[in-house]
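K.L.:
Got a structure here, written out as structure tokens. Questions coming.
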Amino acid sequence: MFCDDVIASAILDRLLHHSHIIAINGPSYRTKDKMGAKSNN
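Here's what the structure looks like:
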């Protein structure tokens with residue numbers, strides 16, 4: 001998306017400075033739904 005790595009890094013640094021990181025562990029809902037759709041067909 002950004003051609004220059006320095007600009008991309010600076011933009012991400014400004015966006016993420018006051019952010020909170022939430023780590024979600026466990027099975028993915030997307031893969032669970034995909035497996036359910038395969039078994040329904």
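Each residue of the sequence shown is one higher than the last, beginning at 1 in full-length UniProt numbering.
Where a beta carbon is used, it is the ideal one built from N, C-alpha and C, also for glycine.
All of these numbers come straight from a predicted model, not from anything done at the bench.
#1: Helix, strand or coil for Ile-11, going by three-state DSSP, please let me know.
#2: Measure the C-alpha to C-alpha separation of Ile-7 and Ile-24 and round it to an integer number of angstroms.
#3: Give the secondary structure of Asp-33 by DSSP, where H, G and I count as helix, E and B as strand, and everything else as coil.
P.N.:
Inspection of the coordinates gives the following:
#1: The residue you call residue 11 lines up with position 11 of the sequence shown. DSSP places Ile-11 in helix when its eight states are reduced to three.
#2: To locate residue 7, count along the sequence shown from 1; it is residue 7. To locate residue 24, count along the sequence shown from 1; it is residue 24. Approximately 29 Å between the Cα atoms of the pair.
#3: As a first step, residue 33 must be located in the sequence shown, where it is residue number 33. Note: Asp-33 maps to helix in three-state DSSP.
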